[in-house]
Amino acid sequence: MQQDQSTTLNKSLGPLLLWGLGVGYVISGMYFGWNLGLPEGGTLGLAISTFFITLMYIFFTFSYTELACAIPKAGGAFDYANRALGKNLGFLAGVAQLIEFVFAPPAIAFAIGAYFHEFFPSIPINVIAIFAFFLFTTLNISGIKAAASFELFITVFAVFELLIFAGVTLPHFQLRHLTINAFPHGVKGIFTSIPFAIWFYLGIEGVANVAEETINPQKNVSIGFGSAIITLVILCFLTFTASIGVAGWEAIVYAVPGAAPSDSPLPLALSHIVGKDNFLYHLLLTIGLFGLVASFHGLILAAGRVTLEFGRVGYLPKILGTTHRRFHTPAAALILNMIVGIVALLTGKTAEIITIACFGAIVLYILSLITFFKLRKDEPQLHRPFKAQFYPYAQAFALVIALISLVSMLIFNLMLGGIFITLLILAFAWFKFFVKPSSMIK
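Residue numbers (our numbering): 1 to 442.
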């Protein structure tokens, strides 16, 4: 039977564009936010949490690539968990994914607004951030090929700038700078810095959400995922060591002693070498914007696909499950996500929004890893063009780290954890009492 054209997505993505999306979703985490974990854990505490979170992401990516290649659907974790764990847990996996992808962009939009505000102080930060939402939502509506090509372009610039930054700072690296006040809060700091370690990689799973728009997804999704995670691990190591190695962790958190924490670690590190009037400093500021835009634009793209899938199966109003008649993009879903993102942005709670997005991500990882094990057991005959390496030990390790991370985040972010759980409860109540059984997917 021919698929309804009003809900179909165009297939136009190859491995290079998937690499651009995978790295682009995440790369803003290298430019801002991660250094706020240094007052919590110091160099050693954040390094330890980042080490284990990096391993978790590598092993999670193995399993998630297997799922995406075997079940190339726009809903990502929602579709996988629904198949393996049933409608209830499938729905919750989808909600966790929505929370991650819808709440991360407002935090990045604020950073974009703050950046432009430095050059145009007469324009309020929120005005610039809201304009960014309108601009990049419109670009996403205009077509996946155009959106992904733009993402690749700005991602390449953002990666190039991180390599320049490493090239300038590493000659000034001193090992002793890594040992200055390296473990200020002891073991506790390892756990309190976990959300900032997650921020280094948050969003890479969005590659799976464009599998339905990928040419030969059974092959190209694995190439896109694999090349993206390798790139990000290298960039994370370079950015972390090069930044702190210049003058110690406090120099990339506080512009001056006693100042409020800054979310611009790279410019602070570079200013200790070349000064704020140097061409390289201004180049970093200028191209650094590309990193923010890449993640902002990419996460808007991924969020639209998750909302689309919820609309297609009837868990949200059917109009959200339709695609634009001309561009075949989830226009209604993108517009709704933009509205929710702007409302979140206007709360002004950027750090809190980031943490809530991290809660969504870690629950998504836990349910996806459980799904992976369940499908391996229940559907051994499922066609798996890519099979995860080091099964089952690597995936079990990733699941343990994810569970420890969730418990730690709940203990040290009790109020925000409560908000996240409340969102899940309200969504589940909607699902149980307002979604008609006839509209549920089988």
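All residues carry an ideal CB built from backbone N, CA and C; glycine is no exception. Here the structure is a predicted model, which means the values were calculated and not measured.
Under the assumption that Ile300 contacts Pro105 (Cβ atoms under 8 Å), give the Cβ distance between them as a whole number of angstroms.
-> As a working mapping, residue 300 is identified with position 300 in the sequence shown. As a working mapping, residue 105 is identified with position 105 in the sequence shown. Indeed, because the Cβ distance is near 6 Å, the residues count as touching under 8 Å.
Cα-Cα separation between Gly417 and Gly341, rounded to whole angstroms = The count along the sequence shown starts at 1 and reaches residue 417 at position 417. The count along the sequence shown starts at 1 and reaches residue 341 at position 341. Using only the alpha carbons, I get a separation of about 19 Å.
Buried or exposed by the 16-neighbour rule on C-beta atoms within 10 Å, applied to Gly258 | Stepping through the sequence shown from its first residue, residue 258 is reached at position 258. Exposed is the call here.
Please list the segments of the alpha helix (DSSP H) lying wholly inside the region 240-292, counting only runs of 4 or more residues, in order along the chain.
-> 265-271
Range of the contiguous alpha helix (DSSP H) that encloses Gln395 | By one-based count along the sequence shown, residue 395 stands at place 395. 393-412 is the extent of the alpha helix (DSSP H) around Gln395.
Buried versus exposed call for Gln389 [16 or more other C-beta atoms within 10 Å across all chains shown] = On the sequence shown, position 389 is the one that residue 389 refers to. By the neighbour-count rule (16 or more Cβ atoms within 10 Å), Gln389 is not buried but exposed.
Residues bridged to Thr214 [DSSP beta-bridge criterion] | Numbered from 1 along the sequence shown, position 214 holds the residue referred to as residue 214. According to DSSP, which records beta bridges pairwise, Thr214 is partnered with Leu13.
Where does Gly86 fall in DSSP's three states?
-> Locating residue 86 in the sequence shown gives position 86, where the first residue counts as 1. Gly86: coil per DSSP, three-state reduction.
Measuring CA to CA, which of Leu406, Ile425, Phe433, Phe434 is closest to Val95?
-> Here residue 95 refers to the residue found at position 95 when the sequence shown is read from its first residue. Considering only alpha carbons, the answer is Ile425.
Sorted by chain position, which residues of the same chain lie with C-beta nearer than 7 Å to Ala361's C-beta, five sequence neighbours on each side aside?
-> Your numbering for residue 361 matches position 361 in the sequence shown. For Ala361, where only same-chain residues beyond five positions count, the Cβ hits under 7 Å are Glu100, Ile198, Leu202.
By Cβ distance, which residues of its chain are closer than 7 Å to Leu336, with the 5 residues on each side in sequence left out?
-> Position 336 of the sequence shown holds residue 336. Correct list, in chain order: Thr307, Leu320.
Candidates Leu266, Ala70, Tyr64, Asn82, of which the one nearest Gly29 by Cα = For the purposes of this step, residue 29 is taken as residue 29 along the sequence shown, with counting starting at 1. Nearest of Leu266, Ala70, Tyr64, Asn82 to Gly29, Cα basis: Leu266.
Nearest to Glu66 (by Cα), restricted to the options Thr239, Ile229, Phe225 | Here residue 66 refers to the residue found at position 66 of the sequence shown. The shortest C-alpha separation from Glu66 is found at Phe225.
Counting only the same chain and skipping the five closest in sequence on each side, list residues whose C-beta sits under 6 Å from that of Ile154.
-> Counted from its first residue, the sequence shown places residue 154 at position 154. Phe290, Val293, Ala294.
Buried or exposed: which applies to Leu18, given that a residue is buried once 16 or more other Cβ atoms fall within 10 Å of its Cβ?
-> Counting from one through the sequence shown, the residue named residue 18 turns up at place 18. By the neighbour-count rule (16 or more Cβ atoms within 10 Å), Leu18 is buried.
Tell me, please, whether the region 177-196 touches the region 10-25 by the rule of three or more beta-carbon pairs shorter than 8 Å.
-> no
Please report how far the alpha carbon of Leu316 lies from the alpha carbon of Phe133, in whole angstroms.
-> For the purposes of this step, residue 316 is identified with residue 316 of the sequence shown, where counting begins at 1. For the purposes of this step, residue 133 is identified with residue 133 of the sequence shown, where counting begins at 1. Rounded to the nearest angstrom, the two C-alpha atoms are 22 Å apart.
Does the region 400-420 come within contact of the region 52-69, defined as at least 3 CB pairs closer than 8 Å?
-> yes
Proximity of Ile150 and His297 at Cβ, strictly below 8 Å = Translated into the one-based positions of the sequence shown, residue 150 becomes position 150. Translated into the one-based positions of the sequence shown, residue 297 becomes position 297. The question names Ile, but residue 150 in the sequence shown is Phe. Yes, these two residues count as a Cβ contact at 8 Å.
Proximity below 8 Å, CB of Trp34 to CB of Phe237 = Working through the sequence shown from its first residue, we reach residue 34 at position 34. Working through the sequence shown from its first residue, we reach residue 237 at position 237. In this structure, Phe237 does not lie closer than 8 Å to Trp34 by Cβ.
Can you give the Cα-Cα distance for Gly348 and Ala111, rounded to whole angstroms?
-> Here the question's residue 348 lines up with position 348 in the sequence shown. Here the question's residue 111 lines up with position 111 in the sequence shown. In a straight line, the C-alpha of Gly348 is about 11 Å away from that of Ala111.
Close-in-space but distant-in-sequence residues of the same chain around Gly37 (CB under 7 Å, 5 per side omitted) | Position 37 of the sequence shown, counting from 1, holds the residue named residue 37. For Gly37, where only same-chain residues beyond five positions count, the Cβ hits under 7 Å are Leu46, Ser193, Phe196, Ala197.
Residue environment, Met415, which counts as buried when at least 16 other CB atoms sit within 10 Å | Here residue 415 is taken as the residue at index 415 of the sequence shown, counted from 1. The residue in question, Met415, is exposed, as its Cβ has fewer than 16 Cβ neighbours within 10 Å.
Quick one: give me the first and last residue of the alpha helix (DSSP H) that Leu175 is part of.
-> Here residue 175 corresponds to residue number 175 of the sequence shown, with the count starting at 1. Here Leu175 belongs to no alpha helix (DSSP H), and DSSP marks it neither H nor E.
Taking Glu151 as part of the alpha helix (DSSP H), name the residues at either end of that continuous run.
-> The residue you call residue 151 lines up with position 151 of the sequence shown. Glu151 -> alpha helix (DSSP H) spans 144-169.
Beta-carbon contacts of Ser368 that lie in its chain and below 8 Å, excluding the five residues immediately before and after | By 1-based counting over the sequence shown, the position of residue 368 is 368. If we look at Ser368 and ignore the five residues flanking it on each side, its Cβ neighbours are Phe60, Ser63, Tyr64, Leu67, Ala77, Tyr80, Ala81, Ala93, Glu205.
If I'm right that Val159 touches Leu89 with Cβ under 8 Å, what's the distance once you round it to whole angstroms?
-> Taking the first residue of the sequence shown as position 1, residue 159 is located at position 159. Taking the first residue of the sequence shown as position 1, residue 89 is located at position 89. Going by Cβ atoms, the distance from Val159 to Leu89 rounds to 36 Å, so no, they are not a contact pair.
Burial state of Gln3 (16 or more Cβ within 10 Å) = For the purposes of this step, residue 3 is identified with residue 3 of the sequence shown, where counting begins at 1. Only weak support is given to the placement of Gln3: the predicted model assigns it a pLDDT of 48, under 50, and the question is left unresolved by the model.
Which of helix, strand or coil does DSSP assign to Glu352?
-> Against the sequence shown, residue 352 aligns to sequence position 352. DSSP places Glu352 in helix when its eight states are reduced to three.
Would you call the region 207-219 and the region 237-257 touching, i.e. three or more CB-CB distances under 8 Å?
-> no
Roughly how many angstroms lie between the CA atoms of Leu163 and Val246, to the nearest whole one?
-> If you number the sequence shown from 1, residue 163 lands on position 163. If you number the sequence shown from 1, residue 246 lands on position 246. In a straight line, the C-alpha of Leu163 is about 16 Å away from that of Val246.
Within 8 Å, strictly: CB atoms of Asn209 and Ala84 = Taking the sequence shown and counting its residues from 1, the one referred to as residue 209 is at position 209. Taking the sequence shown and counting its residues from 1, the one referred to as residue 84 is at position 84. The answer is no: Cβ separation not under 8 Å.
Exposed or buried, Lys377, counting other C-beta atoms within 10 Å across all chains shown (16 or more means buried)?
-> Locating residue 377 in the sequence shown gives position 377, counting from the first residue. Per the 10 Å Cβ criterion, exposed.
Just the Cα atoms here: how many angstroms apart are Gly167 and Phe397?
-> Counting from 1 along the sequence shown, the entry for residue 167 is found at position 167. Counting from 1 along the sequence shown, the entry for residue 397 is found at position 397. Looking at the two C-alpha atoms, the distance is approximately 34 Å.
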